[in-house]
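S.K.: Below you'll find the structure I mean.
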Amino acid sequence: MDFLKELEWRGMLHQKTPGIEEELSRGNAVGYIGFDPTAPSLTIGNYVQIMLLTLFQRAGHQPIVLMGGATGRIGDPSGRDAERKLKTYEELDSNLTFQKKQMEKFLNFEGEQAARLVNNYDFYK
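Residue numbering for the sequence shown follows the numbering used here, beginning at 163 and increasing consecutively.
The following block contains the structure:
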């Protein structure tokens, strides 16, 4: 099944950019979703994004898992009165390892359309 048709069938598509069908029909598109490594485990809320990447990969495209290794080191109040407790480099690296193991249950990190895991901390080194 075509990626967009699959999303529509599953009720996961609300609106789309004009011309996206043509871009995806060319094959081997690349898309990414970012994840926050401030906890050792992904949440049920992350499952929707992981399934989106899984369906994207099954349709012949390449998903990129963008881990916030740098942005996770920054305190973010996210609507709270106080900033979250900053994590150490070791904690974030450990969390990233655990989260990747969870993602490997859904995404294929080998082969032609292999998913790629990118840590945005690598951009700042």
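We treat Cβ as the ideally placed atom computed from N, Cα and C, and that holds for glycine. Computed from a predicted structure; not experimentally measured.
Rounded to a whole number of angstroms, what is the C-alpha to C-alpha distance between P192 and I226?
M.R.: In the sequence under discussion, the amino acid at residue 192 is Val, which differs from the Pro named in the question. Going from the Cα of V192 to the Cα of I226 covers about 7 Å.
S.K.: How about A201 and N282: are their beta carbons less than 8 Å apart?
M.R.: Their beta carbons are not under 8 Å apart, which means A201 does not touch N282 by this criterion.
S.K.: Which of the three DSSP states is assigned to I182 in this structure?
M.R.: Of the three classes helix, strand and coil, the one that applies to I182 here is helix, per DSSP.
S.K.: Taking the C-alpha atoms as reference points, what is the distance between D198 and N270?
M.R.: Distance between the alpha carbons of D198 and N270 is about 20 Å.
S.K.: Buried or exposed: which applies to N190, given that a residue is buried once 16 or more other Cβ atoms fall within 10 Å of its Cβ?
M.R.: By the 10 Å Cβ count, N190 comes out exposed.
S.K.: Assuming I195 and L228 make a contact with CB atoms under 8 Å, what is their CB distance in whole Å?
M.R.: That pair is a contact at about 7 Å.
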